[in-house]
Each structure stands twice: as C-alpha cells, then as structure tokens.
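I have placed the structure first, in the form of structure tokens, so that the comments after it can refer back to it.
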Amino acid sequence: MFSKCVKTALFLTFLLICFKDYAQSYSLKYHRMIYIGSNQTDALQYCNQTISGLEVESRLDVPNAIPVGTIIETTTFSGSISYYQISYSSASDNTSLNLYKGSVTNLDVCASHQGPIFSNRNYTLVKNYQRALQSSSESKEDMISQVVYYDGLGRPEQYIDIEQSPGGADIVRPVEYDGRGYKKYSYLSYPADSLVGNYRENASNEIENYYYNNYSQDFPSATSSAGINIFSETDFEASPLNKPIKQSAPGETWKMGSGQEIEYKYQVNEANEVRMYRVNFSNGNTELPILAVGTSTYHPAGTLYKTIIKDENHSSGTLHTMEEFKNKMGQVVLKRTYGSSDVNMDGDTLDAGETNSIHDTYFIYDRFGNLSFVLPPKTDSQNGIPNLTELKELVYQYKYDSRNRLIEKKIPGKYWEFIVYNTLDQPILIQDANLDAQNKWLFTKYDGFGRPIITGIFTNSSSRPSLQLVVDNFYANNYTKAWEEKTTSATYNYYTNNSYPTTGAEVLTLNYYDNYTFDATGNGLKLPSGTLIFGKAVSYDVKGLPTGSRIKILDQSTSEWVTTVIHYDDKGRAIYTGSYNDLLLVKETVKNELDFPGDVIGTQTYHRRSSDPSIATTDYFEYDHAKRLTKHTQQINEGAIEVIASNTYDELGQLVEKGVGNVETSVNRLQDIAYSYNIRGWLKQINNPASLGTNLFGFKIGYNEGINPLYNGNIALTQWKTANTDSSLKTYDYTYDALNRITTATDNISRYNLSGMAYDKNGNITNLTRKGHIVANPVSTNSTDFGTMDVLSYNYETNSNKLINVTDAILSIPGDGGFKDGNKSGNDYTYDTNGNLTSDANKGIPTNGIIYNHLNLPTSVTLPGGTISYIYDATGVKQRKVAAGTTTDYAGNYIYQNGSLQFFNHPEGYVEYDGGSFNYIYNYTDHLGNIRLSYINTGTSSSPNVQISKENNYYPFGLTHSGYNGGTNGLGNAAAKKYKFGGKELQDDNISGNSLDWYDFSARNYDPALGRWMNPDPLSDEFPNWSPYTFTNDNPIFFTDPTGLAPETIYENSITGATVEVDDGVDKTIVVDEKGFEKAKKYSKKGEVNKENYTPEEFSEYESFYNNQLYGETSKDRISNILDYLKDGLVEQLLDSGLKNPYQDVAIIEDYGLLSGGGKNVAKGTGKIIKAANGLEINGFVKHGLNRIIQRGVSPGSILDALKNPLKVGEVVIDKLGRQSQRFIGQFGEIVVNPKTGKIISGNPTASKKAARLLKRK
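All the letters of the sequence shown, read from the start, carry residue numbers 123 to 1380 under my numbering.
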C-alpha cells in the first residue's frame, strides 16, 4: 500500500502528511543507504555510488538479513552477512517491487547523514528547518522534525521527535487507548537509537528497559524491567463522557493502586449543602446590585453539578479535597475546600471544630449572568448575608451598566474603582480611590486597530456616571472618531487628538507602530533604512509592528523620558533596540544576530552613561541540533572571552551538567554543576550535598521521602551543604496542612526551626514561632547563642485582611535577625484607601510616613533619622533610590551608586566593576531562584582559585539565617550582595540605625519577617480564596512570586525542572519540553503579556503558544472535533482540544478537502444551523476564520460556549471598508461573526484579564 502524501511548504517548515491507501499493497520506505567496502577508505569511496550485481529475490522474507537502516558501529565487519534493500518503480496504476539480496565479508556505513525510515502506517511529518538549504541533501542539524503515527481511526499512536536526543537518537512517546477509545496510558518519552523515524513495534519493552536502567531508584521493589509503570494511568467512569475517576503518575510510588492517585467523583448537590444567594437591583437599576438571600436558603437538591477532587496526599475524610459546584449554565457557584483554620487565633490548630473547617468561596451572578459578588472563605458564608464590614473588607463586588460593561469594582480592603468606556466599549478612563481624592483619572487612547498608543493622567472632578455621560455626548454630538491616527507633526506627539479626552491631560506613555514618523533622532537612536546589523539590513516595512515608545519619568520638575526605538529585518524580526534615559543620561543599544529560524545566536550591547566610556558586551549562544543551549560566552570590550555556561544534556534532553565560569581558552570551568531528577521530571539535586567533591554548594530536594513523605508535589525536605567554614550538612523537614500551607520547618540541629504556624480562612498568618541566632554578634556560634527568637501573634481588623498589630512574646535583641517589635502599645500599621501600608510603628515609620504614586509604588518612606526616596518611570520601573546620602541608579541591567558603576548582571551572576577592571562573580541559586552562594576566581585561568564571596540561607518566607558562613570579606560587590531572597534587592539601607528590611519585588514590597506583602495584589480578584496580602499561597517552599503579581503562568521545564514565569494574568503551571521552555523564556522577557502591551500579532502568537503547550493535541484531532461539532449540531459538552504545531493546519485543512475556495462555507451541508444567544444564525466558517481559530487554539467547546452563552455580545462594527462584524465573548473564546452572512470570520482564546473581568474565574 503506497502512501498518499501531501507536501506543503510553509514558513521555515516542511510538512508531509501520509495516509494509507488500502487499495495498494505496500508503502515506500525512504531508508538509510548501506555501502560496501573492504575498509574505511573503500567505504567512503562507495558513497553516492550505485550498488549493482546483486541477486534479485522474488520474496520479501530474507532469513537472517540485516534490516534496512541498521547501524553498524564498527568500521569493518568480519564474516559473511546478508542484507537486503527495497526499491520500487511505478507507472500509472502498476507498481513493481524488487528485493535485492547479497552477502559480503566487510561492511561499512557511509559517513553522510542517513535518512529516516517511515513505517507502513498513517503519519504526519513536520520539518522545521534550521538552515537555508540549496539542495535536497539534509542532516539532522538542518531541521527539527517530528513524525506522528496514527491508527486506523486517526488517533495518534506514537510521537517521534526524529534524531532529537543529544546523541542523535529518536525521542519516542507512545500513546495507548482502552477498549472505549480513551487515552488510558500516557507514556513517558524515551530515546531510541535505531531505525530513525520508524514506528517502534516494541515500544513498551524498550521504554521499560530505559527507565529501569536509568531510574531504578523510582522502582525500589522491581527486580526486572517487566511491568514497571512508566506512564500516567487514567481510570474512566463507565459512561461515554470521557470523565476520569482516578489518575496516577509514573513511578512505583504513584502507580495505580498505591493510594497516591488523584481521585474524581461526579455528583449533584444535596439538600442544605449549598447556600442560595441572588442579586437584586435597587429600584430596578442594574448599576446598583444588592446581595440577597435566594428564593430559599439553600439550593434544592439535584440542581447543581458537583465535582469532587482529592489530591495525591488524601487518605480518608474531606482533607485534601476540593469540591466544585456549577449551575446549569456551567458557572461556578461554589468552591469548597477543607482544612485547619485558627478561628480563635490562639495558635492551636487542634481546637474543636477547627481541624476540618470548611473553606467556602461563593460566586454570585445577577440575572444577566454577570459575576456580581464573590464571598471568600473568611466571610463565613454559612451564616448568611455578610454584614457591612464584611462587604467592605472581605467581599469582591462588581457593577455593570445596561450594556453589561464592568463599570465599578471593589476588591477587599480597597475602595471602589471606576471605569468609563468609549463607543467601541474600550476602557478609556480608570480611577481608584487614591486618584479619586485628587480628582484624577488614568486615560488610554487607541489607534484604529485597538492598540493602546497614549496613556496618562486626566484631571476631572466629575463622578463616573457624569463622566460616562460626557463621553457619550462627546461622540454623539461631534461624530468624532474614537481612535487616533499617526501624523508627521510633533504638536500632539505625532498623533491626532480626536478621541476623549482632548484637553486637561498629562501624557505619560506613548507607543508607536507601523513606521518611524516620531522623534527619536536627537539621541541617534533611529537608524537609516538598509543599515546592516550582523549582515542583515534594517527594514522600514514594519506594518503591524511596534517601532518605538516614550515613557515619562514620574514626579520630575522637568519633562524627562525614556525613549526606545526598535528596528527589524525584512522578516519582521527585531535586530536592534536603542534607548535613551533623560534622567540617568544613559544610552544603550542592543544588536541581535539571528540564525535562519530567528533564534538569537549573538548580541552586542553598548552601554554608556553621560560622558563615561562606553561598555561593549558581546554574548554568543551555541545550540545543538535540537536547539538546546550548549554554550554561552561573553566578552566585555576587548577582554578575554568568558564562558558563562556550558551545558550537557542526557538523552531525554534533561540538563545534567553545567560548567560555569573561566575564560574560553581554559579547559577548566570554575564549577561543574550536576543536576538529577526523579521519574516525574522533578529536580532532586543540584550537586550532591552528601559528597561535594570540588563543588562549593550542594542542594537536595525530597518529595516522597524524609520524616513526612509527600506525594502531591509539595517538598518534604531540603538539604544543603557548602564548602564554607561550617561545612556540615543542613536539613529542613517540612509539614503542611490540608490546604498545602506550611506549618513547620524543622532543621536537623534545631537551631533554625519554624513552628506554630496558624492561619485564618483567607490564609492570613495568625501565629508564627522561629528559633534562631539570639545574640548581636553575627559570627558567634556557641550553643547558648541559639534559641527561640520570635513568638509572633498577628492581629487583624475585625472581618478584614488588614494586619493592625503584631506582638512578639520574646524580647528582641538588636542584631538577632528576627522580627523587631518596636511598638508595645496600640496599633502598629495603618493603610490608605487603596489598601497600601502607610505606617509601621515597629520600624518607626509614622502615620502617613509612606507616600505612594498612582501605581501604588512608594515614592518616599520616612524613618527616624531620615527619608528614603524612590523615582520610577510611568510603567513602574524603578529608576533611582536616594538613601543615607547614597544615590543608587537602576539603568536597566547596570547599577550605579553616586555616579559610579557598581555591577551589571549576567545569567549566572554578575560582573563587578572595580577600578577599571571587570570581575566575574557567579551565583548558586536554589529551585526558587534564591541566591544561596556567590563565588569568584582569585587565581588565574589556568590555575583557578575559587573563593566564596557570600553565602545566604533562609527560613521559609525569606528571613536570612545568621550565626554561620557569612562569606569572605572584601570579595564581591556590596551593592550586588543586597540581592538575596528570590534574587530580589533587600532594602536594608541604614538610616541612623534604622532600616526597612523589605524586598522589592517590582510590583510590591515584601516583609520577610512577617511573611506578607505591604500592598494588596492588583490581580487579587483572579484568586479570591486568598487574602490579597498573602505571600505565595502560604507555601514559600514550592511557590515563588517573581514580580509581586501572583497570577502568572509558570512554564516548568520537564527536563530540568527549571521554571520561567510569564506575566499573562493566568495562575497556572504548564510543564513543557526544552523547546517550549526556550520559547517561554522569550515571552518572560517581554513584560506583561496582554493586548495593551503587545501587538495583535504578538498577542495572538503568545495565545497560540499557550494553548499549544497547555493542550498539546494534534491539529487533525482539532479539525475532527470541529467537523464533528458542525455535523452534530448543538453538542452540549466538548472537551478542550489543542494544537501541537500551528503550521500543520493549512495543509491538513486542504487535505481534508474542506475548502473549495476562499470565503466559501466550509461547513456547507454538514449539519444544523447554530442559533447564537442574540438570535443570529451561524451557518459556518470562512477559510480565514477556520484557519485563525485552529492556529489560535480555540476549542469547539469554546466556540459553542461563546455563541450560546456569551459573557458579552459586542455591537455590530463597520470597518473603513464597510465590512460588518460582531464579537461574542465567552469564558474561553472570543468569536467574530459577520452578521450579514452568518459566517465565523475569526476567533481567539479569551484574554485572561478580560475573562477575569467578566467572569472572575480563578
């Protein structure tokens, strides 16, 4: 049966799709060529020659023959051997097959690349080219290829990344289904080093052998490889709904039947189980919602869907259980968890009624389906309607206008926030309580494509309703455009000034797109078209791309800006960025060298401050054939080239060794860091703390081991050891409550224990006890110098998350490193109307001693003896700090003090500037990014002498240990040593003996002595079951919060366990492969991922990436689901499906024969017409619409949900060409329809912030 193959050339991608033709009898194999010769020289001579003079066999079965593609490891083979080779010819309907047989005494393999063999099965082949080729000759270095084999039902059976292991082996991932067609077994990937690209008939044995030989510690009871569980297993309920009831993970500990599975149950609510609430409107005004009891006290039995999920640590009862209740519209009504709650705040979590306390979060909707109230656990909703104090301090509240637009919202502890819209339903004015007191609003202006171009401060004393009416009349009376257009005039910053507001506005940020008609020439930032950057010409064909920005420095007497210009090559890839900072007098340019697919292989950074000499930094990146980073080097000016990191990977692509530091010409790295993992890909060790050897630091992470083994991913123990003065092994054993909040951390010598942890229902800490170093001398190590350091009791405003007082039962000793109870009477803390901390009596900060700007960032802090002041730009990036006579300037990556460069960062540490020379300092960090140890080479490159410059060890929540291992004096930079917990800067400036001792996390400041934030999370309404002041969900051993904006997608490298956070407003962790991790790092560097900061193309690209990584199914599955959905009409429930490679879609759509021409209805004749919520009849897709939906990862269920149950239906919009469109916004997808034709013309996943605003999902 010859394969029918469809080839489609896409950008940087080659796609081959092959489906069986059951009328034929054999499939063509593109095979390895085997050449014959008497020795290696003869073998190479026969390369590219035709083998002839062989016997023709009439049968396919050749006994004892070597299969096509077999690799012969030796250069010669002694003895007689049989081999065979298949060729074919065809003419119209006839096909001939010949089998050639022969025997030789010596056999060699040609040195050139051997092509893959594809099996006699349906498959798709994707080639992502990494080099430009001028011939058909290919090697594994030329492309990254994947073949997917399908069974007769079109389901994936094996995913094979062709020759993608470091050694060139295939990486194979099998898939297995049960008798009902469900994916029962999801196997781990394994390397297979023969029959390149071939379907592995014996995959189950091969994968068992690999993991038994390489991960024997995860199968302690196994005596052979047979039957070990190297897969995730799912049991499904006996129904056609594909609902899991139990899921297990790879490894003996987590196998099915171990008791460490995740369990699911599906029920309906019982009587008196879920309280019923409703939303009334005062005098029928939808803008005045009132929370009320429902028509009955509880939802009647059987009216809500109930899902019960038990995590891997559950045993019996309700602990480690989450229950979710949904109404018939699919809206979450209640999320219920169970755990300890220190109701009376006495620190005893075993009080009666507290052990299994219910933690309820209620979601209450108005009659239009708008989320109007959210009741967090601390409101104690079991007792009915919250009182006025609870409504003010604990409840999330939302108000909507008659067009279902969110117009007012209130998060706990803050006053109301107000939103005003233009005629396109775009928010143009936003005001919080602090701005309200100043009669100020934040305004945003857009261009014709909906891109934000201008933001700033607008002064107006009107109320929100009055101002909304003013805006409505402005557009109605003047017929004015609601967007701005580019101009060549500087009068209004190279834009028109048509949209509201046109007067009374201070511009703070400007974004430019599509061209370079804006002023950036004064600082020499803008380059002429055609300028060469690493051999690539700068292009001015930049439609749809951001080309520059201007960001104002806040609170300055003169107008000072940070101006940025971006240039691209002819493929729209950024190759140059130039910026100038008026405040710091810093000019910086970055030039990128890109390879064929657009990955950065080199950068040149030029940094200059005022009249200082320019600093030129050149970085080069080397990758292996699968785009894994193998080497990063750096050169400063004309100095020696330094190896920052040299990476080695195992055959799964996991980072197993990293050589760090020293010049490139040296064979010696300063440290060779080893990494190891368990079978689930979780990081286990950084070096071996039990046997350091020449390493300076070792760190171990235990999960299902230690005194309190855990199974749900929580960390049960950590161990570390350093080559410092105190080189003893240190251990922390951890315990957690049923809500995964840390309760104890016990160290092996009982000197640095954390205990007595208790929390209220919102996760606010109520009690904390710490042992530690209790004398002022930081290096004294007598046993009597250690004891109980803190016994803290936290007191809160009644029915509130606001901390007002902390008392310490232990008398603080100056210099002991613990909490300082500097106020023994009255309240310690006060707050402004935005919930920001404004005074701290324990630190001597008086009432209103902390002043904030409109971004809720502190601009001045008054301490006894002086004031610390901060300057930011309009996006919140800190520019300058002035404290105790020292001015610190933050010029991006370069840090100055009093005008002198101190250091700049590199990925493994920092570079110290010392008297005209540059010294490399390297850091060891733990799994959370905490800087644990810094070191420097004080010897030569040929004879290194590695010295420790600083060591830091931490309590949970980030307080630093004292009493041992302070580091070597005089080595390293003092300013750089302030960066510790989370890699963030400790604000420990000494002001007449006083200091803040906060960590600056960019969006907020954090106090490690208290374990809580100073400010509420700006995105707290996306996870309302936690207090807005809670740090890392009270689990600082597992979670980190790199920006202070907790909801981030964390991409975890399945190979290394490393994580990277992307600020996209989604609170989720996604495990990705090495390639996905590298891509996630690109997005993590671009700041907040939303439609305000990204171009539509960039935002769409990220959405596609997010969905591809989250779901990971094939495009064929997705299209089949969409087709089934169209054919079957209104399907009530479809599981989300995803897209593995967006470049596949066009070819697959064409191959299916779905499209017979642009704009035609691809669903013609396939089924029922779908009637949307507003009565519009949807009858199909246009070609572009279907392609967009597939490429952007929109599932069929999301399409149906958006059309049938929209959170919002937009107005019909007519563009400049007269084309109509209407947008349906669902919880998971936004679908754009032409209301005249009923065709779906576009779609994308609903942006997380928009979904949060409309539905406030967690």
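Beta carbons: idealized from backbone N, C-alpha and C, even for Gly.
Starting from residue i and walking both ways along the beta strand (DSSP E), at which residues does that stretch end?
i: Y953; result: Y951 to Y953
i: R243; result: First-last for R243: undefined, no H or E at that position.
i: V789; result: It is not in any beta strand (DSSP E) - V789 carries neither H nor E in the DSSP assignment.
i: Q389; result: I384 to V390
i: I1053; result: I1053 to N1059
i: N526; result: It is not in any beta strand (DSSP E) - N526 carries neither H nor E in the DSSP assignment.
i: L456; result: V454 to G461
i: D869; result: I864 to D869
i: I973; result: I972 to Y974
i: Y1077; result: Element bounds for Y1077: n/a, residue is neither H nor E.
i: D558; result: Premise fails: D558 lies in the alpha helix (DSSP H), A555 to A559, not in any beta strand (DSSP E).
i: I293; result: D292 to Y299
i: L272; result: Residue identity check: residue 272 is Tyr in the sequence provided, not Leu. Per DSSP, Y272 belongs to the beta strand (DSSP E) from M265 to Y272.
i: A414; result: P411 to Y420
Is residue i buried or exposed, if buried means 16 or more other CB atoms sit within 10 Å of its CB?
i: V269; result: buried
i: V415; result: exposed
i: P508; result: buried
i: F495; result: buried
i: P1328; result: buried
i: S287; result: buried
i: I1363; result: buried
i: V1033; result: buried
i: T483; result: buried
i: Y543; result: buried
i: G319; result: buried
i: S1142; result: buried
Do you know offhand how far residue i's Cα is from residue j's?
i: H747; j: G1105; result: 32 angstroms
i: G1297; j: D636; result: 39 angstroms
i: L1132; j: F941; result: 7 angstroms
i: S1039; j: N759; result: 11 angstroms
i: N800; j: F341; result: 11 angstroms
i: P238; j: N250; result: 15 angstroms
i: S1084; j: T920; result: 36 angstroms
i: K532; j: N949; result: 25 angstroms
i: F540; j: S947; result: 38 angstroms
i: L1118; j: K965; result: 7 angstroms
i: H689; j: S361; result: 56 angstroms
i: N1301; j: F1346; result: 15 angstroms
i: I864; j: Y858; result: 4 angstroms
I believe residue i touches residue j by the beta-carbon criterion, under 8 angstroms. Please report the beta-carbon distance rounded to the nearest angstrom.
i: G1365; j: I1321; result: 7 angstroms
i: D869; j: N862; result: Going by Cβ atoms, the distance from D869 to N862 rounds to 21 angstroms, so no, they are not a contact pair.
i: V913; j: I932; result: 5 angstroms
i: D96; j: K514; result: Shown here, the chain extends from 123 to 1380; a query on residue 96 therefore has no answer.
i: I655; j: K713; result: 5 angstroms
i: N556; j: D954; result: 6 angstroms
i: Y520; j: N492; result: 7 angstroms
Could you check where the alpha helix (DSSP H) with residue i kicks off and where it finishes?
i: P587; result: R586 to N600
i: K514; result: L510 to E515
i: Y332; result: A325 to N336
Could you tell me which residues DSSP pairs with residue i in its beta bridges?
i: A1005; result: T1008
i: L985; result: G988
i: N1366; result: E1352
i: G646; result: G646 is not bridged to any residue.
i: K305; result: Y299
Quick check on residue i - is its C-beta less than 8 angstroms from some C-beta in chain E?
i: R573; result: Of the protein chains in this structure there is only one, and it is not chain E.
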